[in-house]
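Chains as they are written, first to last, in the working numbering: chain S, 191 to 890; chain X, 432 to 934; chain E, 322 to 854; chain R, 34 to 138. Idealized CB from N, CA, C, for every residue including glycine. Shown next, in C-alpha cells, is the structure this report addresses.
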Amino acid sequence: MLISISLLILFLPLLSFLILIFFGKKLPRQGDWLGTAILIICLGLAFYVLLNTGASDKFNAIYNWIDLKDAPGFGPVKINLGILIDNLSAIMLVVVCLISAAAHLFSTKYMEGDAKYNRYYAYLGIFTFSMLGIVLTDNLLMMYIFWELVGLTSYLLIGFWYENPGPQYASKKAFIVNRIGDVGFFTGIMIVYVFTKSFTFSEIFAAIEAGQLTGGWLTAAGILIFCGAIGKSAQFPLHVWLPDAMEGPTPVSALIHAATMVAAGVYLVTRTFPMMSASALTFIAYIGLITAFISATIAITQNDIKKVLAYSTVSQLGFMIMALGVGAYTAGFFHLVTHAAFKACLFLGAGSVIYGMHHEQDIRNMGGLKKKMRITYLTFLMATMALSGVPLTSGFLSKDSILAGTMAFAGLTGGFNYIIPILAFLSAGMTAFYMFRLVFLTFHGEPKNKEKFDHVKESPLPMTIPLIVLSVLSFFVFFSYNPIDANIGWFAKYVPAVQTVVPEAQRFDFQKGTTEHIVNAESPASETHGENPAAVEENHSAFTEAVHHAHYPAMGLSLFVAGMGILLAFAFYKWKKFSADAVAEKIKPLYTFSLNKWYFDEFYEGVIVKGLLMLTQAFRWFDNKVVDGVVNGAAYVTERSSSGTGKFDNSFVDGLVNLIGSVVMFFGLIFRKIQTGRIQTYLAYVLFGIILFYFIFRTM
Amino acid sequence: MLTQQILDGLSKFYPETILSVTILVIVFVELFFKKKTRVSGWIAMAGLAAAMLFTFLQVNIPAQTIFFQMVAVDPFSYFFKVLLILSGFLIVLFTFLSDEIRSSEFKTQEYYALLIALTLGGFLMASSVNLLMMYLALELSSLSSYVLAGYFKKSNRSSEAALKYVIYGGVSSGLMLFGISLIYGICGSLDMFAISAYLSANPVNLITLLIAIFLMLAGFGYKISAVPFHFWTPDVYEGSPMPVTALLSVSSKAAGFAMLIRFFLVAFQNAGHPTITTEGLHQYITLPGLHWPEVIAVIAVATMTLGNVVAIWQDNLKRLLAYSSIAQAGYMLLAFVVVSPQGISAMLTYLAVYLFMNLGAFFAAILISNKYKTENIEEMKGIGYRSPLLCVSMAVFMLSLSGIPMTAGFIGKFYIFSALINNGYIWLAIIGLMNSVVSLYYYIKILKNMFLIRPQGDTGAVSFGAGYSVLLLALAIPTIVLGIFFGPLTKFAEYSVQIFGLK
Amino acid sequence: MHELKILGVGILSWITFLPVLGMIIVLMLPKEKEKTVKWTALGITLLQFVLCIVLWMNFDNTLAGINKIEGFQFIEKFTWIDVPGFAWTNRVVIEYFMAVDGLSMPMVLLTGFIGVIATISSFSINKSIKGYMALLLLLNTGMMGTFVSLDFFLFFVFWEIMLLPMYFLIGVWGGPRRIYAAIKFFLYTLFGSAFILIVMLALYFSSKDPTTGAHTFNVISLMDPANLLPGSLLAGSLTTARLLAYAALFIGFAIKVPIFPFHTWLPDAHVEAPTAISVILAGVLLKMGTYGMLRMSYGLFPEAMVYFGYALAVFGMINIIYGSLCAMAQKDFKKLIAYSSIAHMGYVVLGMSSLTTQGISGAIFQMFNHGTITAMLFLIVGVIYDRAHTRNVDEFGGLANKMPKYFGLVIIGFFASMGLPGLSGFISEALAFLGAFSVEPIRVITIISTLGIVLTAAYMLWTLQRMFFGTLPEKWSGLTDLTAREYFMLVPLAVVVIFLGVYPSPILNMMATSVNQLVDFVSKSTSLTIMGW
Amino acid sequence: MPNFQIGLTHFLVISSLLFGLGLFAVVTRRNAIMILMGIELILNAANINFIAFNKYGQLGVDGQVISIFVIILAAAEAVIALAIVLNIYNNFKTVNADEIDNLKE
C-alpha cells in the first residue's frame, strides 16, 4: 500500500510534465493549476506515508530491470530497480513535496505571462519527479540515474530564460560542474559494484560488513561517492555553480537551491553514511567545514539579494556535510529539513521583493520595504532568525546540534581537529551577521530608489501564502517540544543515529568495539535472542555521550556568536555606529577578496577552461596536421620538385595519411623521370639491370 | 617411321595449321578484294573459329610432345590456346569497331594476317619445349607485332612506337639468343627435358648458368614487360593503334608467360615429376644452387611497384593502362614465385580473368576515344552521365583490375595471395596487397572523373550502336560472373597445370 | 523455431538480398518517375525491416551461438564453390553460410531500422535519385550480409561490397570536397581490408575442416583449435604468427571503427556525405568494425585478444578522450558530431576490451544505441543544413524559440549522446564502464575514460548554447520548424532512444546468452588474463 | 708453338667480343641503322657460340642448324626493321634514334 502510494507520488509529477509539455498550451491558464494541484495531492500523500512509517520500518519493493544471466567469473548479473521507504525517505518525501508545492503556488503569480509558461510548469513537474526518484530509491545506480535527471532538469530550469547570456552560462556551468562530481560518484559506484556485486544499499552494507570491500578501496569508494555530493550540494571546490544558478527564476532557486537538488548531496551522504570509513568521514568533515567557512566570508560582501542567499545556502550545506562528517548523523539530516523550510521561505521572500521591485535585485538600491511589504518582511525576518540561530526557532535547534557534534568530535579525536568547531562557530557568527545585514539593507532604512519604491506593493495571495506557511514552520514546536534541546523531540527519535559497517580498523577510535552489538540491536531479531538493551545503549553512547556533554557549552557559545553577529549587524546597518564602507576600505584586500568570491571563478575560467580550450585546439591542430598529414612536409617537398609538371594531385597526398602516400608519389616521380623516351637509354637500363641482378644473386 | 611421326604430329597440330592456312588465305584474298576491307577480317574470324574448334577437340588429349620433342600438346598449352584465340577474336571485333582503324586510309588486309601470325606465334610459344622452337615462335610473334605497332605509317606516334619496339625487341631477343647459346654450351642440348636431366645429373658452373638465365630473362621480361625490361611498354602502347595495344597487352603477354613458365618449370624444376613433400604440399624440386624463384620475386615486386607508382601520375588513358598492365604482370609473377602447381594455377586463373578485364578496359578506352576524341583522363569529366553503359562497364573493369570483391579481378588476386600465403610468402602477399591498394588510386581516379564530376559544356547523352553495347557487355558480364561463380574457371586452371607427365 | 523460410528461401537470404531485388526494380523504372523510385526504395527497406522484426520475434534468447553451430539460428548453409582437388591441389570449399546469434541479432535489427530511416531522409535528394536509391539499396545488402555471414570469405565479400556504393554516394551526392573525402574513405578502408584478407588466407591454409577434409573458411570451424593443422602457420597458441595475425586483423577492423590513429577519414567522409549517408555511415558502418572484432578477432584469436586486452583498452581510452577534445574544437556542426562518434565508439572498444559480460554487453548495446543516437544527431544536422545551407555553429543562435519542436528533439538527441540516464546511451555506457572497471589492470584506464562523460557534456552543451540559445540572428528569421517527413525520421529514433533507456531488456536479453558464451569461450581458451604493461 | 691449337676458348673470346661490340653499338650509336647493325652483331655472336659448342662438344648438327635458322631470322628482322626505319625517315626526316623521343613521360 505504502509502496503504491509512493509510486503514485513519484509518477504524478511526471504525468504533470507529460500533459503540460504536449498539451499545456491548450489548457486554460496553460495548465498551471494542474501542476500545482498535483503537487498538493502529492504533499497530502507524502504526509500519509510519513505518518504510516515507523522509525524502524523499511518497506521495500524491487523490480528486475536488467538481467544478463549467469556471467562467467562473476555470477548472475541482475540489476534491480527498487523503492525503499524508511524514516529518511518518508521525511524527505514530505520536504520535497512541500517545497515543490510552495514553489508551484508561488509561481502562478511570479511567472505569470511568461512566454514559455507551460514549459516552465512542465519542467517543475519533471524536476520534482527526478528529485522524488532520488529520495525513494533503494540502490546507488537508480540514485545515479535520478541524480543525473535532476542535473538535466535543473539545467533546463536554470537556463529557462536562455535568451539571455547569463542563464545560458549559468545553466551550462551548473550541468558541467555537476557532471564533474558525478564522474566521481559513478567511479565510486563502480568500485562498490565491483567488490560487492550489488547496487542495493542494504546488500552493499551487508557485503562490506562481511569484509568484501575494505581498506583503501573502501575509503576511495566513500570519498568518490561523496564527490557526487560535492557537485550537487555545491561543496568546495565545486561550489561555484550555485551562486551563478541564481540566474534562474526565483521560485526555481527556492525549489532547487534551498530544499531539493542541493539537499540531494546531503541525502546521499546520509544514505551511504554506514559505509564511510574514518578517513572518508574526516575528508567529508573538512570539505564541509571549508565550504561553510569560505561561503560565509563571501556572503558578507555580496550585494545581490539572491547571491547573499545563495552563499548562505552553500554555507549551510557545508554545515550539514560537516555534521555528517563528524558523525552527527541526526543533526546533519535535521538541519537539512529545517533549513529546507526557512531557506525556501527566504528565497520566496526574495522573490516577492524582486517581484515588488520589478526585477531589481541589488540590495544597495532597496531599503525601507518593511512598510510596504508587511507580510514579506515578517516572514523574511522569521526565516532570517531561524537561519541565524536565534532561540525558539528550528534553526537554533539544528545548528546547535551540529555545533555540539563538532565539539564532541574534536574532543574525542583531539589535535588538529579543534579547528573544526572553531571555524564552525566563526561561520555561525558570520551567518547571523550577513543575514541581518541583508534584512537591514532591504527592509529598513530609507528607500534608495525612490522611483521604484513608489510602485512597490505587497505581493498577491498566492505568493504570500507559501511565505506564511514556510515561516511558521521555522518555529521549534514542529520539531521538538523543548526549545533548547532537539534530542528529546520526535525528530531525533524518528531518525536515530545509524552505526557504521566498516571494519574495525577503519573506524574512529571512539567507534571501535561496538559492531556486533549495534548491528544486532538494529535488527528486531536481536531482542528475541535476549541481548541486553542496556548494554547496547551503553555502547551506543560513546559519541552520544560526548555530544551530550558538549551540548550546553555549544549552546552557550552559539548563542554568543549569533548574538555578536546580530549585534554587529545592528551596529553597522541599523544604528550606523560604524561605516561599513570605511571598514571595507581599511581591509581592502580582504574585502575585495571576499567580494570577488575568493577568485574561484577567475581561477577556473582562466586556468581550467582556458587550458582545456587550448588543449582542444592543440588536439585539433594535431589531428589536422599531424595525424592527417604525417608527411605533408614530405608531400610539400615532392610538390616543389614536381611543380614543373604541374600534375601533382593534391588530393592524393592529402588522402593517404601515411608515409607510404608520399613515398609512393615520390618514387612514381623518380621512375617517371627515367622514362626519357630515348630508346638507347632504355637499353642501357636493361643492361644495367641485368648486371645488377648478376651482382645481387651471384653470391646466393 | 619418320613420316609416321610427322603425320602423327600433324594430326595434333590442326589448330596451328589452320591458323597458318588462314594467314595465307588472307594474303591471297587480298589480291582480289582490294577495297573490301572487312572481308579479310571475316576470314580471320572464321580461321580463329575453326582453330578454336580444333583446339576444343584436343581437350582430353593426353600430354605428349610432337615433332621430335619440339612442341608439346598438353592441357597447359591448351589453356593458352583458348586464351589466345579468345583474345584474337575479340581484337578482330575491336578492330571492326574502332574508328581509328576504320578511318585510316590503309588497307587492313595484312593487318588481320599479322594478327593471326601473332596468335600463331603465341600458340607456339605456349607449346614449344625446345629452346630453338621457342626462340622462333617468339620472333614470329614479335615480328608481327613490330609491324602492327607501326601500322599507321603516316602517324609519327605510330612510327616512333614501331622503331622503339623493333630496336628494343631486337636487342632483347638477341640477348636471349646469346643466353640460349650459353645454355646450349653448358648442357649440350636445346631440349628442355634434356637440359633438366643434364642439370640434375651433372654439376655445372653456376655463374655461367646464372648469366645465361639473366640473359634469357631479358627476352622473357621484354615479352611480359617486367621491370627492368619494361621500358618499351608505355611508349609503344601509347603510340600504337588502340586494338594493337590491347592485343600486345593480352595475347603477347599471355604467350610470354606461357613460355616463361614452361621454360623455368621444365628446365629448372623437373616439372615432369611433381613430388609430394612431407608437408603434404605439392612442390616441384628445385635444382640445387639455383635460386631463381628469388630472382623472380625481386622482379615481381619491382614490376608491380613501379607499374603502380608511375601509373598514378598518368593522364593519358592508354599510358595509364600500359603501366597498369605492367603492374598486373607483377602480380602474376608473384604467383610464379611459389613454384607450385597451386601458384601456377593461380597465375593461369589470373591470366584468364585479366583477359576479360584488360581487354574490356581497352575496349572502353577505344569507345571513349571514338566518341569523345580524347585519351586524356582529365577530359573525361562527367561522361558517366552521358554514356552510362560505357562508363559503368569501365567501372567494372577498373574495379576488377584493382581487385575489389565480386569482380573477377578479386578472384584472380585472391588465388594468387592464397598461393603465396599457403607457401609462407606472407611478406610478398602483403607487398602485393599494399600495391593493390595503391593501384586503386589511379583506377578510382578514372571513375572519379567519369562520375563524381558533373559534365561541363556539352551534356547530351552519347549512345552507341547495339554492336558496341553487346561487345561491352560480353566483356563486362564475365568480369562480374567470374567474380561470383569462379569454380569452373579455377577448375580449368588447375587441370591445365598438369604440364606433361612425359619423359 | 530455428528455421524460417519464405518461398523456400531462408529468411536471412531474404533480408540480405531483398535490397538487391529492390535495386533491380529501381534500375528498371524510368528515370522521370522520381516519386515511384523513392517509394519503391522505401517500400523495400520497410519490408526488410518487417522481416527483421519477424526474425526477432522468432529469435530464441536462450541459444548462445558464438563457437557452437547448434547455438545459431536460421542457419542457411550451402556449398558455394567446390573445386575438387587434383593430385596436387587440395579441394577448395567456400560456403554460403549465414546464421544469427545474440551477437549479430541486434546489429541486424539496427541495420534494418537505420535503413528505413536513411531512406526516408533520402527523399530530399533531388539529383539522379534513381542511381542514388539503387546504390543505397546495394549498400544495405553489403551491411546486412556482413552481419549475418559466418563464412569468412562471404563475410569479406560483403565487407567489400559496401565500399563501392559508399564511394559513389559520397563522391556524387556529397558536399564540395566530396571527391577528396570519397577517395580517402575508399583507400583507407581498402588498406584495412588488405590486412583482413591476409589473415583470412593464412587462417584458411592453417585449417582443416573435419567433415570435408579441405581447408575451410567456416568461422565456427576455425574457432576450434582442433581444426587447425598442427605445424601450420597459425596453429598453436600465443605464437608470434598468431599475435601478428591478430594485430593485422585489428588494424583492418580498427580502420572501420575508427580507432585512433586511423580515424581521419571519418570526419571528412561525414562532413561531405549527404545526411542519409552520414546516418548510415555512423549508424551502421562503424559498427561493422567492432562487430568484426567481436566475431572474428575474439573468436579466432582468443588468446591473442587476452594478450592485447590492455592495449585495446588503451585504444578505447584514447578514442574517448581524443575524440571528445577534437569535437570540442570544431566549429562545423557535422564535424563535431563526427568526432563525437569517434569518442562514442571508444566506449565500445573499452567495454569490449574488458572481456566481462557487463563490458561486452555494454559494448554491443552501445553499438546499437550509438547507431540510433548518432543517426538522430546527423539527421538533426541535416535538418538545419537543409534550411540554412551552413553548418557553422557560430552563425546560429536562438533557434530554440524559432523551432521549438526541433529543439525538443535536439534536446533528446544531445542528452542521449551525453549518456543521460533515462535515455538509451546511459545504460550501455554504464555497463561498459562497469565491465572495464571490474578488470583490475585496466581500472585506471577506465577512470581516465570517465572524464569523457564530462567532456561530452561540455561540448554538447556548448553547442546547444551557441546554436539554440541567445537571440536569433536576423538572417535566420525565415527558418521553419520540422516538416512531416522530418518527424517521420526523427520521432521513431527518439522513441527508440527513450524506450531503450527506460526498458533496455529487449536488446540486452537478446544478447545475454551469447555474450556469456563468448566471454566463457575466450577466457577459457588460455590461462592468460588481461595484464597491464 | 707446336702445341698451339685453336680451341673453344678462342671462339668464345671472339663471340664475347662481338657480343660486347654489339651492345656497345646498340647503346652508343645514334643512327638507327647502326643500332640495327649492333643487333646483328649480337645475333652473330650467339651464332658463333652455337657453332663452336657444336663442334667442340660433339653435339651432332643441332648447333649448325640453329645458326642457319638464326641467320634467316636475322634477315627477316632486318627487313622489317629497315622498313620501319625508312618510314621513320619519311615522317621525321632523320634516323637518329635519340631525336625520336616524342613518346615519353
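Chain X residues whose Cβ lies nearer than 7 Å to that of residue i
{"i": "Phe476/E", "result": "What Phe476/E touches in chain X: nothing, since even the nearest Cβ is about 11 Å away."}
Nonlocal neighbours in the same chain, by C-beta distance under 7 Å from residue i, ignoring five residues either side
{"i": "Ile601/E", "result": "Ile435, Ala439 and Leu460"}
{"i": "Leu430/E", "result": "Cys373 and Trp377"}
{"i": "Val605/E", "result": "Leu431, Thr432, Ile435, Met464 and Gly692"}
{"i": "Leu217/S", "result": "Leu224"}
{"i": "Thr487/S", "result": "Met620 and Ser784"}
{"i": "Leu871/X", "result": "Ser833"}
Local conformation of residue i per DSSP, three classes
{"i": "Pro266/S", "result": "strand"}
{"i": "Lys248/S", "result": "coil"}
{"i": "Phe699/X", "result": "helix"}
{"i": "Asn277/S", "result": "helix"}
{"i": "Met419/E", "result": "strand"}
Cross-chain neighbours of residue i in chain X, by beta carbon under 8 Å
{"i": "Lys137/R", "result": "Asp666"}
Below-8 Å beta-carbon distance, residue i vs any chain S residue
{"i": "Pro634/X", "result": "no"}
{"i": "Trp409/E", "result": "Low confidence applies here, because Trp409/E scores a pLDDT of 48, under 50, leaving its location unreliable and the question unanswered by this model."}
{"i": "Tyr668/E", "result": "no"}
{"i": "Leu45/R", "result": "no"}
Spatial neighbours of residue i in its chain, beta-carbon cut-off 6 Å, leaving aside the 5 residues before and after
{"i": "Gly519/X", "result": "Leu479 and Thr550"}
{"i": "Leu657/E", "result": "Ala648 and Gln651"}
{"i": "Ile862/X", "result": "Val732"}
{"i": "Glu807/E", "result": "Val704"}
Neighbour flag for residue i against chain E, beta carbons, 8 Å
{"i": "Asp813/S", "result": "yes"}
{"i": "Thr496/X", "result": "no"}
{"i": "Gly455/S", "result": "no"}
{"i": "Arg461/S", "result": "no"}
CB contact below 8 Å: residue i versus chain X
{"i": "Phe885/S", "result": "no"}
{"i": "Asp403/E", "result": "yes"}
{"i": "Ala114/R", "result": "yes"}
CB contact below 8 Å: residue i versus chain R
{"i": "Ser755/X", "result": "no"}
{"i": "Arg888/S", "result": "no"}
Nonlocal neighbours in the same chain, by C-beta distance under 8 Å from residue i, ignoring five residues either side
{"i": "Lys655/E", "result": "His591, Val592, Ser599, Phe699, Val702, Tyr706 and Arg712"}
For residue i, the nearest candidate out of the options (CA to CA)
{"i": "Leu76/R", "options": "Asn87/R, Val94/R and Ile99/R", "result": "Ile99/R"}
{"i": "Val607/E", "options": "Tyr660/E, Leu621/E and Gly386/E", "result": "A quick correction: the sequence has Leu, not Val, at residue 607/E. The candidate whose alpha carbon is nearest that of Leu607/E is Tyr660/E."}
{"i": "Met690/X", "options": "Ile497/X, Trp473/X and Ser508/X", "result": "Ser508/X"}
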